[in-house]
Each structure stands twice: as structure tokens, then as C-alpha cells.
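Trainee: Just passing along the structure, written as C-alpha cells.
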Amino acid sequence: MKFDSIIIGGGLTGLVAGISLQSKGKKCLIVSAGQSALHFFSGSFELCSAPGDYEDALATLPSSHPYSRMGVARTLELASGVKDFFLSSSIKLSGEDKRNHFRITPMGVLKPAWLTLDGYASVPSDRKMPWKKVLVANVGGFLDFHSDFLMAGLEKEGVECIPYIINIPELDRLRTNPTEMRSTNIARALTGNVLCELASQLSKAGAGCDAILLPAVLGLNDPENANSLKARMDIPVEFVATLPPSVPGIRTQLMLKAHFQSLGGTFLMGDTVNEGVFEGNQLKGIKTVNHADMVFQADNFILATGSFFSRGIKASSTEVFESVFGLDVDYTEERPQWYSPDVFEKQPYMEFGVRTDDKFRVSRDGNVLSNVYAAGSVLSGFNGLKDGCGAGVSILTALDVADRIANGF
Amino acid sequence: MNKEINTSENNFEQCIKCTVCTVYCPVMAVNPDYPGPKQAGPDGERYRLKDPEFFDEALKYCMNCKRCEVACPSNVKIGDIIQKARLQYSSKKPGLREFALSNTDLMGTVATAFAPVVNGTLKLGAVKSVMDVMGIDKHRTFPSYSGEKFVTWFKKHAQASQQQYSRFVTYFHGCYANYNYPKLAKDFVKLLNALGYGVHLMDKEKCCGVALISNGFKKKAMKQAESNLSQIRGAVGAGEAVLATSSTCSFTIRDEYEHILGLDNSDVRDSVMLATRFIFKLIDSGQARLVFRSDFRKRIAYHTPCHMEKLGWSIYSVSLLKMIPGVEFFMLDSQCCGIAGTYGFKKENYPYSQKIGDSLFRQISALSPDVVATDCETCKWQIEMSTGFSVENPISILADALDVEETIKANK
């Protein structure tokens with residue numbers, strides 16, 4: 220079976236690359252070994268950890284960082300198109316021009332954020348809190364949202380918080396299995412008439428508040444239920460991230476995938492690439508577990524398999540390796556240097572990843588593969604957690620590589 | 003490179019408790035009595051390994067759709083863990099209902115002989131009441147039985163003419179095509195013959211055993227599986243691929259025989275496949291060509307059965323359907339239709355079964371296609387009963403759209 224491009228990995232990076240290529244008329248296949256890290260999405264994409272202006276901060280990143288390797292100008296140019304890119308998949312993001320705003324973590328801490336999903340509570344770059352008094356509502360029995368932490372955090376910022384527990388009979392049935400009272404199950408129950416009941420409870424309890432903060436448990440498949448609740452209320456309702464699974468993350472994944480498929484892309488879910496068919500320094504095709512002897516051929520390939528968490532990069536007791544093709548990996552040889560004993564310190568292993576040339580092309584046994592690119596977390600040279608740049612690297616390197624493939628540079 | 007180090011066969015140690023599987027479980031979404039794949043699978047397994055007393059009979063609510071496995075980012079065989087636990091630890095002995103629902107060959111043979119009577123009585127109120135007492139939901143209509151089994155027809159009308167071909171495939175027709183809907187099997191023969199392949203049947207094909215496995219009859223399932231494997235080995239030894247038209251039969255023989263029943267099928271697994279994969283590969287590699295009628299027009303919506311999703315093979319059926327020039331094609335969202343074989347026939351599961359399929363039924367009704375295409379017979383029953391739209395196997399649609407004469411010429 221022949222495609223123009225094959226993308227290995229169906230998370231944020233793979234889908235952004237796939238949509239970008241497919242909308243440029245390239246026939247794409249995405250192979251995904253299970254669901255992605257978008258299921259842990261905070262509701263905000265991060266570009267870097269600088270509070271406020273980020274343009275200067277990007278210039279101070281080490282030369283190994285994917286942004287530095289693309290160049291600050293190119294990074295900013297790509298970044299400027301991201302809002303519109305997501306809007307083409309009906310995903311509305313908001314953010315300030317060249318300045319980070321702040322997202323609110325489930326622990327009530329403010330963290331710099333680049334673009335935030337529509338409907339999420341956020342704080343502008345001047346850190347001026349948008350509310351004096353809020354109702355912090357939680358669903359009774361829901362274990363993945365801890366309003367006490369959130370309230371403590373907000374009160375530190377000078378916001379008066381009123382706690383409220385939502386009790387709706389339709390949700391009681393879910394409590395049969397306390398361990399399974401999860402965001403996604405609540406999202407499925409909060410629909411139709413239940414939304415009317417929720418709106419009336421919140422309106423009453425939130426009287427006199429500037430806003431109502433709700434755990435992000437509305438709208439699993441589309442933003443309709445969230446919008447419908449807001450339309451019923453006079454007080455603004457804003458969402459705060461829960462612990463996983465992330466309802467807005469799943470919605471984002473579903474909408475990106477649906478857009479990719481509506482453009483004509485092919486998505487294989489739950490399949491694993493287990494062999495590459497190489498000819499010299501070119502990859503000609505791949506084989507997968509489900510399709511055995513069927514070779515999926517393409518002109519170009521993008522490796523978007525993620526890092527350790529998504530199993531794109533693996534470690535044994537002696538080495539760090541790339542899991543699909545055994546590609547060259549950047550890492551320090553001595554195992555004691557892989558990690559720092561203080562868990563809160565910057566961990567060196569977070570920067571391990573595949574070695575790429577100036578066009579993000581990968582190499583094997585020291586030889587660059589001329590038609591295989593890498594993008595996103597599988598790349599080496601950055602610490603997505605500490606530098607707050609995981610989503611930025613995923614989205615921007617995916618766009619960069621897709622652009623290179625489509626326009627041949 | 004993909005082999006995990008120090009793990010059980012089902013990889014349960016690899017579970018990182020990410021909860022992704024719980025998002026895609028169709029049962030959990032509608033029935034809070036089911037503990038969900040994470041709890042029922044890898045989490046519960048840790049307890050059960052310590053003490054079988056921890057087994058929870060609520061695991062019976064698992065439909066074995068394997069959508070948890072498709073979603074799992076850590077390659078944990080969640081569905082397998084649950085099915086094996088049910089067979090190993092459940093103290094509930096299967097009853098008359100389970101026997102009747104899962105012994106498809108016995109029921110099929112008897113019913114075919116008395117087809118007009120059986121088809122009539124299965125619709126009678128009195129019979130439905132008896133079924134109701136047995137615990138089979140009264141809303142369900144059993145698929146009607148054909149007066150002549152496919153195998154009988156084949157021997158009478160088709161077997162002799164197969165000798166003219168020089169290449170052969172073996173057809174695993176399954177219970178449904180044999181007892182209930184021989185048209186599908188006849189369409190398969192028509193299509194393969196047009197492509198220049200003769201069709202062989204196995205001497206003694208037995209039900210693949212999927213219903214026996216899900217209803218707790220492990221020993222009987224093992225016996226049938228061993229018999230089928232030995233027959234399949236014969237066919238594969240003669241150089242023939244073994245093709246099925248049911249995604250569940252294919253999946254059961256390829257995966258469940260090994261993962262659930264512990265039988266080694268590695269020597270023949272790659273040769274057992276869905277007919278659409280076989281045909282697509284022939285066309286993709288330039289070894290065969292399909293020529294279609296120019297007057298064929300249909301709006302077709304494809305539904306991905308759960309076991310098809312697990313196999314990952316809908317791409318073959320879909321690609322073939324899209325090759326028909328007069329087809330306007332729609333891909334339905336991949337989700338469970340709710341029936342899961344015998345699961346949805348059980349009275350206690352019926353309401354959940356319908357709730358699971360609800361959004362699919364609504365999507366189909368909104369699209370209003372001429373026909374829904376799917377590779378699974380029980381999905382067909384469920385969708386036809388719940389939407390009123392007719393459902394056909396892609397093989398039947400291809401056979402219907404085929405210009406037989408031209409295809410024969412093209413593959414001479």
C-alpha cells in the first residue's frame with residue numbers, strides 16, 4: 220500500500236504533521252500504538268517557561284534545543300500560525316501576542332502558558348487576577364479534582380473562594396464504583412436535562428461571585444455541552460484542569476483525528492511498527508504487527524513516537540535506544556549521569572532522544588537517512604518538563620518537518 | 003526491539019495506571035456495575051494472583067470487544083487478562099441459556115432441518131416467553147435459519163466446478179454463513195472464482211468457538227479449536243490461505259486460540275485471514291483485477307466491528323468498497339454497536355447493549371445510506387434490528403457490483 224508520507228505516532232505531533240501534510244495534498248498514513256499523551260492534556264500548550272515576553276527567552280535556549288536548531292525567527296514564524304492551524308480543526312485557542320499568559324494547575328499554581336483552550340480559566344500576562352470572588356465547584360465523590368489545593372492557591376493570589384459540592388441524582392449511579400468515578404464518565408452523564416439542573420444549582424450557589432470555576436468534565440466529544448451550560452448562566456463559567464484522563468485532551472485528540480481523516484488521511488489505531496524496509500540510506504516502507512507481510516510504502520517518513528512515556532525511547536540497564544528502528548540516540552554513556560538524585564532537579568535523561576541533522580533527519584549507525592524525519596518529544600536536546608516547552612516542540616517541529624517535506628527544502 | 007523485558011505474556015506489569023483504557027470501554031460508559039478494564043484487568047489481576055477469592059463476578063459484563071487493548075499505550079493485553087480470569091476463577095456454572103446460545107453447530111443443524119417451523123416459532127409470543135424465562139431478551143429476534151445449509155448447496159452445485167482452477171483457497175465459512183445466510187458464502191465463491199481461485203472447504207469445520215469462550219465452556223472450545231487447527235494445518239500445508247468472511251471468526255482463530263485457550267497456532271496464524279485482506283493484497287500487488295458493473299450505484303456507510311478494530315483490518319474492506327466506481331462512501335465512527343455476539347441476547351445486558359449502540363444508530367439514521375457495510379454478522383443483526391437499515395458484508399457488496407464476465411477475463 221502506497222502513501223506519500225507515513226507518520227509513526229498518532230499523538231499531538233503526529234496529528235499536527237498529518238493534518239499539515241494532508242491539507243497540502245499529500246496522502247498520509249498515521250500508525251499509532253495506542254492512545255496518546257493528549258489524554259493528560261492540561262488545557263494549555265506551553266512554548267517556554269518565561270513569564271510574559273517569550274521572544275528574548277527563546278534566544279537564550281541552548282544550541283541543542285529544537286527551537287535554536289530551527290532558529291528563533293523560524294520558531295516565531297511557525298508559532299504565529301498555530302492558533303489558525305487549530306481553528307481549522309474547530310479547536311479554539313486563546314493567547315497573547317508574543318507573551319505568555321498563565322494557566323492554573325489542578326494544584327492551584329500559576330504556570331506560564333502560550334495558548335489555552337477556549338473556556339479554560341487563565342490569568343493574563345500581567346498576573347492580575349481576573350476575579351475577586353469565585354465559586355469553586357466540585358462534583359461530589361469525584362476523586363480527580365482537589366478543590367482545597369486550588370482554593371489555597373487562588374487565595375494566595377488574593378481571590379476569595381467559596382467551595383461548593385455539586386450533587387445531582389444522575390451522578391449518584393456513577394458512585395457505585397468509586398474508583399471508576401472518572402472525568403470521562405462524569406462528562407458522559409453531564410448532558411441534556413442534567414445540564415439544566417447543574418445550571419440552576421450553580422447559578423444559585425454562585426450568586427455574587429465573579430466567576431464559577433468547574434473541573435474540566437464537560438464535553439467529551441465536542442464543546443457543545445460546555446457551551447450549552449454557559450448559555451444557561453449569567454455568571455461566567457470557567458474550567459480548571461483535572462487529574463487524568465483529561466476530557467478536553469481527549470476531545471482535542473478526537474477533533475484532530477477527525478479533521479485528519481476528513482482530509483483523506485488514514486489512521487491505524489492500536490498497531491505497532493515492527494520493521495523497516497531499507498534501501499541504502501533510504502527507508503522504503505514499514506511493516507506492522509497487525510499487517511504482517513503488507514509493506515506500507517512512502518516517499519517520506521516522520522518519527523513522532525514520543526519519549527520514554529510513550530515508549531518511543533527506551534532504556535535498558537546499559538543503554539538508551541530508539542524503539543522502532545534502533546536509530547542513533549543522543550545520551551550520556553554512564554548510567555549514573557542519566558539522572559539527578561533529587562527528583563525535583565532537572566533530570567538529564569529527559570533530554571535524551573534521537574540524534575538528527577539540521578533538517579531533523581534521523582541517522583542509523585552514523586548514516587543520515589535521507590527521507591526519515593523526527594519531530595516532537597522523541598527529539599533530543601530539550602527538557603519539556605523543566606523548560607515548559609513540550610507542546611511547543613511537538614507542534615512547531617511537526618509543522619517544520621511537514622513544511623520541509625511538502626516544499627522539498 | 004518490541005519485546006518487553008521481564009513481563010508476563012499479557013504484559014500486565016507494563017500497566018502504568020494511566021486510565022486511558024477506561025475512556026474507551028463501551029460498557030463502563032453505560033453500566034456502573036462493571037468495574038472497568040483497568041480495575042477488572044491489570045489492577046484486579048494483582049489481587050487475584052495473591053488469592054482467587056478476589057475474583058469479582060461483575061467481570062461478566064466485559065463484552066470482550068478489546069477496545070481497551072487498542073487504546074492501551076503500554077501494550078497491555080487487558081481484554082485477555084479479563085477473559086482468562088473469567089474462565090479460570092468464575093464459580094458461576096454456565097446454564098441452559100449459555101448452552102443454547104453458544105452451541106451454534108448443534109442448534110444450527112437442528113434448526114436448519116426444521117427451518118420453516120423454527121423460523122415461525124422463534125417469532126411466536128409463547129416461544130419468546132420461554133426464552134424470556136431462560137434469560138434471553140424478548141426484544142431480540144433470532145436470525146432466521148436457511149432451509150439448506152451452505153455446505154449442502156456447495157456440495158450439490160459448486161464443488162465439481164472448482165476443479166477447473168489451478169489456484170485454491172480454503173473457505174472458513176463460519177456458522178452464520180452456513181446455517182443462516184448462505185448468500186454470503188455463495189457471494190464469496192462467486193468472487194473468488196471470478197478472481198481465478200477455486201474454493202475448498204475443510205472436511206469438518208467446527209464453530210470457531212467464540213461464543214463457547216465467552217459463555218464459559220472452555221473445554222468444548224479447546225476441542226473445537228484443536229479440531230479446526232488440525233484442519234487448517236492441512237489446508238495451509240497444501241499451500242492454501244484460509245479465508246473467512248467474519249471478522250470475529252478470523253480474530254478468534256488468530257488471537258483467542260493462542261491468548262485465551264493457550265493453543266500454539268503460530269505455524270498457521272499468518273495464513274488465516276479475512277477474505278477482504280486476501281483480495282486487497284492480490285489487487286495491490288497487481289496479481290488480480292476487479293472489474294465492476296458500470297450501472298452499480300450505492301451510498302454505503304461502513305461500520306467497524308470491534309474485532310475488526312482489534313485486527314486493524316478495516317482498511318482492506320474499506321479500500322475495496324471504495325474501488326467500486328458507483329459507490330458514495332461514508333466511514334462511520336469506530337465504536338461498538340452493543341451486541342457483542344451472544345452478550346446482547348441476554349436479558350440483563352439488553353438495555354445496556356442498546357445504550358452502547360445508540361450514537362452509532364443515530365449516526366446511521368442521519369446519514370440514511372442505501373446499505374451499511376460491516377464484516378461481522380452479529381453487528382448486522384444489531385444494526386438491522388435497531389435502525390431498520392439493511393446491512394451487508396463487503397464481500398456481498400463486491401459480488402453484487404462485480405462484472406463477472408469481465409473480471410474472469412481480466413484474471414485469466
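Listed in order, the protein sequences are those of chains A and B. Under my numbering, the letters of the first sequence match residues 220 to 628, in that order. Under my numbering, the letters of the second sequence match residues 3 to 414, in that order. Backbone N, C-alpha and C fix where the C-beta goes; we use that ideal spot for every residue, glycine too.
Should residue 173(B) and residue 201(B) be called a contact, given that it needs their Cβ atoms to be closer than 8 Å?
Mentor: Going by C-beta atoms, residue 173(B) is nearer than 8 Å to residue 201(B).
Trainee: Is it buried or exposed, residue 606(A), if we count other Cβ atoms within 10 angstroms and call 16 or more buried?
Mentor: By the 10 Å Cβ count, residue 606(A) comes out buried.
Trainee: So if DSSP puts residue 634(A) in a beta bridge, which residue, or which two residues, is it bridged to?
Mentor: Shown here, chain A extends from 220 to 628; a query on residue 634(A) therefore has no answer.
Trainee: Can you tell me whether residue 170(B) is helix, strand or coil according to DSSP?
Mentor: Residue 170(B) falls in the strand class under three-state DSSP.
Trainee: Per DSSP, what are the beta-bridge partners of residue 1(B) in this structure?
Mentor: Residue 1(B) cannot be examined here, being either before or after the span of chain B that is shown, 3 to 414.
Trainee: Give the interface partners of residue 286(B) over in chain A, defined as CB-CB distance under 9 Å, in chain order.
Mentor: What residue 286(B) touches in chain A: 220, 221 and 513.
Trainee: Pick helix, strand or coil for residue 344(B), following the three-state DSSP scheme.
Mentor: Of the three classes helix, strand and coil, the one that applies to residue 344(B) here is coil, per DSSP.
Trainee: Taking 8 Å as the threshold (C-beta atoms), are residue 373(A) and residue 425(A) in contact?
Mentor: Their beta carbons are not under 8 Å apart, which means residue 425(A) does not touch residue 373(A) by this criterion.
Trainee: Contact criterion: CB-CB distance below 8 Å. Does residue 254(B) meet it with respect to chain A?
Mentor: No, residue 254(B) does not count as interfacial toward chain A.
Trainee: Ignore the nearest five residues each way along the sequence and tell me which others in residue 114(B)'s own chain have a CB closer than 6 Å to its CB.
Mentor: 147, 151 and 181.
Trainee: Would you kindly report the start and end of the unbroken beta strand (DSSP E) that includes residue 199(B)?
Mentor: Counting along the chain, the beta strand (DSSP E) containing residue 199(B) begins and ends at 199-203.
Trainee: Does residue 74(B) have its Cβ less than 8 Å from a Cβ in chain A?
Mentor: Yes, its Cβ sits closer than 8 Å to a Cβ of chain A.
Trainee: Please state the DSSP three-state secondary structure of residue 122(B).
Mentor: Note: residue 122(B) maps to helix in three-state DSSP.
Trainee: Alpha carbon to alpha carbon, what distance is there between residue 384(A) and residue 177(B)?
Mentor: If you take the alpha carbons of residue 177(B) and residue 384(A), they lie about 54 Å apart.
Trainee: By how many angstroms is the C-alpha of residue 288(B) removed from the C-alpha of residue 158(B)?
Mentor: Taking the straight line joining both Cα atoms gives about 34 Å.
Trainee: Per DSSP, what kind of secondary structure is residue 234(B) in: helix, strand or coil?
Mentor: Residue state, collapsed to three classes: helix.
Trainee: What residues from chain B crowd round residue 393(A), counting only those whose CB sits closer than 9 Å?
Mentor: Going along chain B in sequence order, the residues near residue 393(A) (Cβ under 9 Å) are 34.
Trainee: Can you have a look at residue 18(B) and say buried or exposed, based on whether 16 or more other CB atoms are within 10 angstroms of its CB?
Mentor: Exposed, by the Cβ-count rule.
Trainee: Chain B beta carbons: is any one of them nearer than 8 Å to that of residue 320(A)?
Mentor: Closer than 8 Å: no.
Trainee: Start and end of the beta strand (DSSP E) containing residue 223(A)?
Mentor: Per DSSP, residue 223(A) belongs to the beta strand (DSSP E) from 221-227.
Trainee: Are there 16 or more other CB atoms within 10 angstroms of the CB of residue 169(B), so buried, or fewer, so exposed?
Mentor: When all chains shown are included, residue 169(B) counts as exposed.
Trainee: Pick from 585(A), 538(A), 563(A) and 524(A): whose alpha carbon is nearest that of residue 594(A)?
Mentor: Ranking 585(A), 538(A), 563(A) and 524(A) by Cα distance to residue 594(A) puts 524(A) first.
Trainee: Per the contact definition of three or more C-beta pairs closer than 8 Å, is the region 467-474 of chain A in contact with the region 258-274 of chain A?
Mentor: Contact between the region 258-274 of chain A and the region 467-474 of chain A is present, because at least three Cβ pairs lie under 8 Å.
Trainee: List, in order along the chain, the chain B residues whose C-beta lies closer than 9 Å to that of residue 529(A)?
Mentor: Those are 75, listed as they occur along chain B.
Trainee: Can you give the beta carbon distance from residue 325(A) to residue 368(A), rounded, assuming they're within the 8 Å contact cut?
Mentor: Indeed, because the Cβ distance is near 7 Å, the residues count as touching under 8 Å.
Trainee: Look at the Cβ atom of residue 297(A), then the Cβ atom of residue 598(A), and state whether they are nearer than 8 Å.
Mentor: Cβ atoms of residue 297(A) and residue 598(A): not closer than 8 Å.
Trainee: For chain B, is any of its Cβ atoms less than 8 Å away from the one on residue 470(A)?
Mentor: Residue 470(A) does not count as touching chain B.
Trainee: Skipping 5 residues on each side, what residues in its chain have a beta carbon closer than 7 Å to that of residue 396(B)?
Mentor: Excluding sequence neighbours, residue 396(B) sits near 278, 319, 322, 323, 375 and 377.
Trainee: What residues in the region 465-499 of chain A bring their beta carbon closer than 8 Å to a beta carbon of chain B?
Mentor: Cβ contacts with chain B come from 469, 480, 485, 487, 488, 489, 490, 491 and 493.
Trainee: Following the continuous beta strand (DSSP E) through residue 331(B), name the residue where it begins and the one where it ends.
Mentor: Per DSSP, residue 331(B) belongs to the beta strand (DSSP E) from 329-333.
Trainee: Let me see if you follow: with CB-CB separation under 8 Å, is residue 3(B) close to chain A or not?
Mentor: Residue placement at residue 3(B) is poorly supported in this model, since its pLDDT is 37, which falls under 50; the coordinates are not used for a value here.
Trainee: Around the C-beta of residue 112(B), are 16 or more other C-beta atoms found within 10 angstroms, so that it is buried, or is it exposed?
Mentor: Exposed, because fewer than 16 other Cβ atoms sit within 10 Å of the Cβ of residue 112(B).
Trainee: Based on DSSP bridge pairs, tell me the residues matched to residue 488(A).
Mentor: In the DSSP output, where bridge partners are listed per residue, residue 488(A) has 251(A).
Trainee: Assign residue 211(B) to one of two classes, buried (16 or more other C-beta atoms within 10 Å of its C-beta) or exposed (fewer than that).
Mentor: By the neighbour-count rule (16 or more Cβ atoms within 10 Å), residue 211(B) is buried.
Trainee: Which of the three DSSP states, helix, strand or coil, is assigned to residue 466(A)?
Mentor: In the structure shown, residue 466(A) sits in a helix (DSSP, three-state: H, G or I).
Trainee: How would you list, in chain order, the residues of chain B whose beta-carbon sits under 9 Å from the beta-carbon of residue 399(A)?
Mentor: In chain order: 24, 30, 34, 36, 37, 38, 40 and 41.
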